[in-house]
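Numbering (my numbering), first residue to last: 13 to 158.
What follows is the structure in structure tokens.
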């Protein structure tokens, strides 16, 4: 069994390597990325979904809602580590949370007076979760904010 300290190092390494791999090529293909409306990436062990929704103030793209579903219910609870990327940059550092259900979050356009994304920007999320001997990482994903 991998210890928590070792798992954290693996998760951080995956997130850092992914950030490096997704720099300029991703920006060059922004027009070919599918829109973040009912966007889904399916795997044999689960799926990642992304959707753009209006915020309470009426902004039509005010919230990017995303969720990561693992099919095996026994593997769902535990610690999740993730980073959201906009145009290959992380507006916030890596985050983590202990969950008893699947990982889901809302990434809001405005925070502390800062505009964190615009229409046409590329949204990408990377996450890792260890369940016993199983290490899950989000499938490759990238969508364009409408």
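Every residue, glycine too, gets a C-beta built ideally from N, C-alpha and C.
Taking a C-beta distance under 8 Å as the contact criterion, residue 158 and residue 65 do not qualify as a contact pair.
Counting only residues of its own chain and dropping the five nearest sequence neighbours on each side, residue 103 has a CB closer than 6 Å to the CB of 128. Residues of the same chain with a CB within less than 6 Å of the CB of residue 46, apart from the 5 flanking positions on each side, are 155 in chain order. Within the segment 38 to 69, the complete beta strand (DSSP E) segments at least 3 residues long are 51 to 54, 58 to 65, listed from N- to C-terminus. Burial check for residue 57: the Cβ neighbour count within 10 Å stays below 16, so the residue is exposed. Taking a 10 Å sphere around the C-beta of residue 112, we find fewer than 16 other C-beta atoms and assign the residue as exposed. Residue ranges of uninterrupted beta strand (DSSP E) with 3 or more members, entirely inside the segment 93 to 123 and ordered along the chain, are 107 to 111, 115 to 120.
Taking one beta carbon from each stretch, the segment 88 to 104 and the segment 121 to 139 have 3 or more pairs nearer than 8 Å; the two touch.
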